[in-house]
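Student: Residue numbers (the numbering used here): -10 to 229.
A virtual CB, placed ideally from N, CA and C, is assigned to each residue, including glycine.
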Ligand code: F6R
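1) Is residue 33 helix, strand or coil by DSSP?
2) Closer than 8 Å by C-beta to residue 99: which residues in its own chain qualify, once you throw out the five before and the five after it? Chain order, please.
3) Verify whether the separation of the beta carbon atoms of residue 205 and residue 132 is less than 7 Å.
4) State yes or no: is the beta carbon of residue 165 nearer than 7 Å to at least one beta carbon in chain D?
5) Give the range of the alpha helix (DSSP H) segment to which residue 117 is assigned.
6) My assumption, with CB atoms under 8 Å, is that residue 125 sits in contact with residue 175. Please give the rounded CB distance.
7) Can you tell which of 163, 219, 181 and 169 has the C-alpha that lies nearest to the C-alpha of residue 66?
8) Please name the residue, chosen from 120, 87 and -9, that lies closest to residue 31 on a Cα-to-Cα basis.
9) Please return the same chain residues whose Cβ sits closer than 6 Å to the Cβ of residue 94, not counting the five positions on each side in sequence.
10) Find the nearest neighbour of residue 172 within the set 109, 156, 187 and 146, judged by alpha-carbon distance.
11) Leaving aside the five residues before and after residue -5 along the sequence, list all residues of the same chain whose C-beta is less than 8 Å from its C-beta, in chain order.
12) Is residue 56 near the ligand FAD, judged by its Cβ being under 6 Å from some heavy atom?
13) Which residues mark the beginning and the end of the alpha helix (DSSP H) in which residue 148 is found?
14) Between which two residues does the alpha helix (DSSP H) harbouring residue -2 extend?
15) Could you spell out the range, first to last residue, of the beta strand (DSSP E) harbouring residue 222?
16) Could you have a look at residue -7 and say whether DSSP puts it in helix, strand or coil?
17) Give me the Cβ distance between residue 177 and residue 114, rounded to the nearest whole Å; I'm assuming they're in contact under 8 Å.
18) Nearest by alpha-carbon distance to residue 161: which of 149, 170 and 21 is it?
19) Mapping DSSP to helix, strand and coil, what is residue 58?
20) Taking just the CA atoms, how far does residue 47 sit from residue 14?
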């Protein structure tokens, strides 16, 4: 695991965007695994700028997202499908048919997990972007999720519900379940870039980088990946 500590969020976003731009330039038909949440927003904004200035193109790029809340439709402002359109897809030249996000409103969510898992098996990710939960989760793989799990329905921990409630009118509105790629799916990516920003991530960053590899901190499994880069700002890296 390579750890890059940067001064602030702007620098983190810049380095991440440059790494993704490099991957897209090297392989214009690459498949990217994408995350939502606050952390990648700056990186996505820069990628949109790179695309608008014609430095890179997403015309041949495919994307697969990590997760989606169960019960939120793609036009719900709190859904991750809406997030991806508003933060990235609406601003780049990607073909929306080449983007995949689990359907949180599928009639049969168990079947939706199986279909998503099948799609992942035929769409290996060249680069996977990850954020980090303050409890060490990646995707919605909460603490004690087995490392070998595939796409599944996750129960959000009280910690994650509290963290994510900032984006909802009140905490009762935060969905209690999500469809998420499993840890085994995440590990299949050729390259992983994990972004961590802010003091509330410091303990999780420490456990991920220096702790024992254990399901207690799902992100610690990334120590075993052969090409994982962590980009953390100073506050997130404070305990290293
Ligand atoms: C989002 C996701 C989550 C977030 C994590 C950090 O698709 O999979 O694991 O990356 O909860 O969220 P932020 O960036 O909002 O702190």
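Tutor: This is what the structure gives:
1) helix
2) 142
3) yes
4) Within the model displayed, chain D is absent; a lone protein chain is all it includes.
5) Per DSSP, residue 117 belongs to no alpha helix (DSSP H); it is in the beta strand (DSSP E), 116 to 119.
6) That pair is no contact at about 13 Å.
7) 163
8) 120
9) 62
10) 109
11) 1, 4, 220, 221, 222 and 223
12) Judged by which ligands are present, the ligand FAD is missing from the structure shown, whose ligands are the ligand F6R.
13) 147 to 153
14) -2 to 15
15) 217 to 222
16) strand
17) 7 Å
18) 149
19) strand
20) 9 Å
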